[in-house]
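Undergrad: Dropping a structure here in structure tokens format, bear with me for questions.
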Amino acid sequence: MADAAQDGARRVLIAADKFKGSLTAVQVAERVTAGLRRVVPDLEVEAMPVADGGDGTVAAAVAAGFERREVKVAGPLGDEVTAAYALRGDTAVVEMAEASGLQRLPEGVFAPLTASTYGSGELLRAALDAGARTIVFGVGGSATTDGGAGMLAALGARFLDDGGEPVAPGGGGLAALASADLSGLDPRLAEIELVLASDVDNPLTGPKGAPAVYGPQKGASPDDVAALDAALAHYATVLAGTPGAGAKAAEYAESPGAGAAGGIGYGALLVGARFRAGIEVMLDVLGFAPALERADLVITGEGSLDEQTLHGKAPAGVAAAARAAGKEVVAVCGRLALAPEVLGGAGIRRAYPLTAVEPDVAKCIAEAGPILERVAESIARDFLS
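Residue 322 in numbering that gives the first Met the number 0 sits at position 323 of the sequence shown, with consecutive numbering throughout.
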């Protein structure tokens with residue numbers, strides 16, 4: 000690595016995602032900074048924690064200077080939770096996992112058929128009440144598979160059974176859906192820019208749809224998956240005959256991103272959202288381009304660098320943007336499952352896993368911070384000293 004060291008890189012941009020279960024993105028940046036400066040004490044470091052639209056998105060926005068706002072909303076099981084969104088000027092960053100994420104369920108409890116996105120709709124409404132004209136809606140990490148019906152209900156839609164009563168919450172309740180009324184949707188939705196930020200492009204239903212692909216990780220059995228898939232297909236059919244949705248309802252069910260976060264992407268598309276890769280949106284919102292211009296070396300990363308990383312995850316997005324700007328990129332991670340040539344193809348010069356310092360995976364998870372500092376020392380010696 001002597002050639003890299005001779006480049007004289009003296010300003011580093013750390014744009015890494017969280018190490019899930021071990022370190023937040025902010026903590027990753029802090030630990031990498033500490034390790035780098037142990038080798039190069041006067042090093043200029045700029046930290047820009049990033050996220051791809053899933054859990055951690057609001058924290059990344061707050062770290063970039065957005066104001067954290069808290070509001071009481073319904074959790075996925077209907078109990079009240081305190082959820083946060085981020086606001087700067089008339090731009091809001093709303094993270095559905097804050098209201099409707101798996102972390103909002105009691106430990107060991109899943110509710111694949113009944114978990115609702117109602118609280119996510121309440122979060123969006125709070126952002127509208129705060130004057131947001133652009134809302135980045137980050138979706139991922141959901142406990143729900145309700146096609147966004149709960150979110151739409153919180154924004155004024157009505158979903159009724161054949162007796163004229165509201166259907167039960169959750170994707171399972173949609174099997175009893177007889178009619179929908181979108182006339183009461185908040186009119187402000189038509190006046191703003193709503194960006195659906197996600198790292199998945201699945202359709203709503205079918206073999207690659209939300210229930211089949213993501214239902215099992217939310218506790219859905221094979222029978223639950225089948226029931227949810229049928230219920231969401233029925234939901235889309237009913238909406239196709241509903242004024243205000245019509246033909247768009249069937250089209251959106253097949254659109255990339257419709258299946259994101261248990262189908263909440265579908266609900267967002269119905270109210271005019273524009274789908275974009277989550278990391279691309281967040282890099283724009285966080286002001287990544289000017290920070291990148293100031294940097295000589297970029298350090299990105301996440302808990303596991305693997306095949307999923309290459310499909311819209313934060314490190315791949317950071318590396319693509321950095322490569323386009325002619326900047327060198329290295330990555331830190333807990334676990335590395337990509338060959339050097341694959342990393343190179345993604346624009347990452349070299350990856351530094353915690354397991355290269357500490358082979359015991361359990362120890363890497365438990366002591367991720369100190370080990371990451373040692374990894375950062377290696378980067379400093381290889382690229383900066």
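Backbone N, C-alpha and C fix where the C-beta goes; we use that ideal spot for every residue, glycine too.
Tell me which same chain residues have a C-beta within less than 6 Å of the C-beta of Glu94, skipping the five on either side of it?
TA: Cβ neighbours of Glu94 beyond the five flanking positions: Thr56, Val57 and Gly137.
Undergrad: Give every residue of the same chain whose Cβ lies closer than 7 Å to the Cβ of Leu309, excluding the five residues on either side of it in the sequence, and list them in chain order.
TA: Correct list, in chain order: Ala315 and Ala345.
Undergrad: On the premise that Asp160 lies in contact with Leu176, defined as a C-beta separation below 8 Å, what is that separation, rounded to the nearest angstrom?
TA: At roughly 7 Å, the Cβ-Cβ gap stays under 8 Å, so Leu176 and Asp160 are in contact.
Undergrad: Under DSSP, the alpha helix (DSSP H) around Asp461 begins and ends at which residues?
TA: Outside the shown range of the chain (0 to 384) lies residue 461, about which nothing can therefore be said.
Undergrad: Report all residues from its chain with a CB closer than 6 Å to the CB of Ala249; omit the five preceding and five following residues, and keep chain order.
TA: Excluding positions up to five away in sequence, the list reads Ala239.
Undergrad: Since Ser303 is in the beta strand (DSSP E), which residue starts that stretch and which ends it?
TA: Start and end: Leu296 to Leu304.
Undergrad: When DSSP labels each residue in this structure, what does Ser197 get in the three-state scheme?
TA: Strand, per DSSP.
Undergrad: Taking the alpha-carbon positions, what's the Ala230 to Gly170 distance?
TA: Each residue's Cα considered, the two are about 7 Å apart.
Undergrad: Touch check for the segment 338-352 and the segment 20-36: three-plus C-beta pairs under 8 Å?
TA: The segment 338-352, when compared against the segment 20-36, does not touch it at the 8 Å Cβ threshold.
Undergrad: Report the residue from Asp228, Ala152 and Asp180 whose alpha carbon sits nearest the alpha carbon of Ala167.
TA: Closest option to Ala167, Cα to Cα, is Ala152.
Undergrad: Counting only beta-carbon separations shorter than 8 Å, does Val39 have a partner in chain C?
TA: Among the protein chains of the structure shown there is no chain C, as only one such chain exists.
Undergrad: Which residue from Val329, Ile347 and Ala50 puts its Cα closest to that of Asp198?
TA: Out of Val329, Ile347 and Ala50, Ala50 has the C-alpha closest to the C-alpha of Asp198.
Undergrad: Going by C-alpha distance, which of Leu268, Gly74, Gly162 and His233 is nearest Lys247?
TA: Minimum Cα distance to Lys247 is reached at Leu268.
Undergrad: In or out: Val11 buried (at least 16 other Cβ within 10 Å) or exposed?
TA: Buried is the call here.
Undergrad: Report the three-state DSSP secondary structure of Leu12 (helix, strand or coil).
TA: Strand at Leu12.
Undergrad: Is the distance from the Cβ of Tyr84 to the Cβ of Leu122 below 8 Å?
TA: Against a cut-off of 8 Å, the Cβ pair of Leu122 and Tyr84 comes out as a contact.
Undergrad: DSSP three-state label for Glu292, please.
TA: The answer is helix: DSSP assigns Glu292 an H, G or I state.
Undergrad: Give the range of the alpha helix (DSSP H) segment to which Arg30 is assigned.
TA: Its alpha helix (DSSP H) spans residues Ala24 to Val38.
Undergrad: Go ahead and pull the three-state DSSP assignment for Glu376.
TA: Helix at Glu376.
Undergrad: CB-CB under 6 Å to Arg157, same chain, minus the five flanking residues each way: which ones, in chain order?
TA: Counting only Cβ-Cβ distances below 6 Å, and skipping sequence neighbours, we find Asp180.
Undergrad: Using only alpha-carbon positions, find the residue among Glu97, Val61, Gly74 and Gly218 that is nearest to Asp54.
TA: The shortest C-alpha separation from Asp54 is found at Glu97.
Undergrad: Under the rule that 16 or more other beta-carbon atoms within 10 Å means buried, what is Lys17, buried or exposed?
TA: So Lys17 ends up on the buried side.
Undergrad: By alpha-carbon positions, which one of Val329, Leu335 and Leu193 ends up nearest to Arg349?
TA: For Arg349, the nearest C-alpha among the options comes from Val329.
Undergrad: Check the C-beta distance from Phe65 over to Leu195 and give it rounded, since I have them as a contact under 8 Å.
TA: The Cβ separation is near 19 Å, so there is no contact.
Undergrad: Near Ile370, what residues of its chain come up, given a Cβ to Cβ distance below 7 Å and the 5 sequence neighbours on each side ignored?
TA: Counting only Cβ-Cβ distances below 7 Å, and skipping sequence neighbours, we find Leu353, Val356, Glu357 and Cys363.
Undergrad: Could you check the C-alpha separation between Leu112 and Ala82 for me, to the nearest Å?
TA: Their backbone Cα atoms lie some 22 Å apart in a straight line.
Undergrad: Assuming Ala85 is part of the beta strand (DSSP E), what are its boundary residues?
TA: Residues Glu79 to Arg87.
Undergrad: Are Leu203 and Thr144 touching if we call contact CB-CB under 8 Å?
TA: Not in contact: Leu203 and Thr144 (Cβ atoms no closer than 8 Å).
Undergrad: Put Val108 into one of helix, strand or coil per three-state DSSP.
TA: It is coil, neither helix nor strand.
Undergrad: Hey, quick one: how far does the alpha helix (DSSP H) through Glu340 stretch, first residue to last?
TA: Where Glu340 is concerned, the enclosing alpha helix (DSSP H) stretches over Pro339 to Gly344.
Undergrad: By a C-beta neighbour count over all protein chains shown, 10 Å radius and 16 as the cutoff for buried, is Gly333 buried or exposed?
TA: Answer is buried; the Cβ neighbour count reaches 16.
Undergrad: What does a CB cutoff of less than 7 Å around Gly325 pick up in its chain, not counting 5 residues either side in sequence?
TA: No residues qualify anywhere along the chain.
Undergrad: Let me know the secondary structure DSSP gives Glu357 once reduced to three states.
TA: Note: Glu357 maps to coil in three-state DSSP.
Undergrad: As a quick exercise: from Arg380, Ser178 and Pro221, pick the residue whose alpha carbon is nearest that of His233.
TA: Among Arg380, Ser178 and Pro221, the Cα nearest to that of His233 is on Ser178.
Undergrad: How would you write the range of the alpha helix (DSSP H) that Pro221 sits in, first residue to last?
TA: Its alpha helix (DSSP H) spans residues Pro221 to Ala239.
Undergrad: Name the residue from Val212, Ala365 and Gly155 whose alpha carbon lies nearest to the alpha carbon of Gly256.
TA: Among Val212, Ala365 and Gly155, the Cα nearest to that of Gly256 belongs to Val212.
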